[in-house]
Amino acid sequence: MYLNGVILVSPTELGIDSGSGRRAGPLGASLRLPYFTAAAWYHKKLPDDLQSKDLLEVLGLSEEYAVNELMPVIAKGG
Numbered sequence: 016m017y018l019n020g021v022i023l024v025s026p027t028e029l030g031i032d033s034g035s036g037r038r039a040g041p042l043g044a045s046l047r048l049p050y051f052t053a054a055a056w057y058h059k060k061l062p063d064d065l066q067s068k069d070l071l072e073v074l075g076l077s078e079e080y081a082v083n084e085l086m087p088v089i090a091k092g093g
């Protein structure tokens, strides 16, 4: 048998579990919000009122927003 091509298959963020234990889909994205917040803080891309705060304080605000406001809205759907 001759090999005529290669098919590469990789996991996506379309709700397919990648086996890494991470939650996929929109709720999983909301759980990653603090990571994005930390990157934005490091690169000085946050609004001035957040950028002037300590990283741990900003992360606390981001986690609180993700869990108490963002996730319930996403769970309710549109």
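Counted the way our numbering counts, the sequence shown spans residues 16 to 93.
Beta carbons are placed, not taken as given, at the ideal position from N, Cα and C, and that holds for glycine.
Residue i, buried or exposed, once every other Cβ within 10 Å from all chains shown has been counted against 16
i   : result
V88 : exposed
A81 : buried
Inter-residue Cα distance where the pair is residue i and residue j
i   : j   : result
D64 : H58 : 15 Å
E78 : Y17 : 53 Å
A53 : G40 : 21 Å
Nearest candidate by alpha-carbon position, reference residue i, set the options
i   : options            : result
P49 : G20, L70, A90      : L70
R47 : L61, K68, A90, L85 : L85
K91 : G20, L42, G75, N19 : L42
Cβ neighbours of residue i in the same chain (closer than 6 Å, five flanking residues each side left out)
i   : result
L61 : A55
Proximal residues to residue i (C-beta, below 8 Å), its chain only, five neighbours per side dropped
i   : result
Y83 : Checking the sequence, you will find Asn at residue 83 rather than Tyr. Taken in chain order, the list of residues that qualify is empty.
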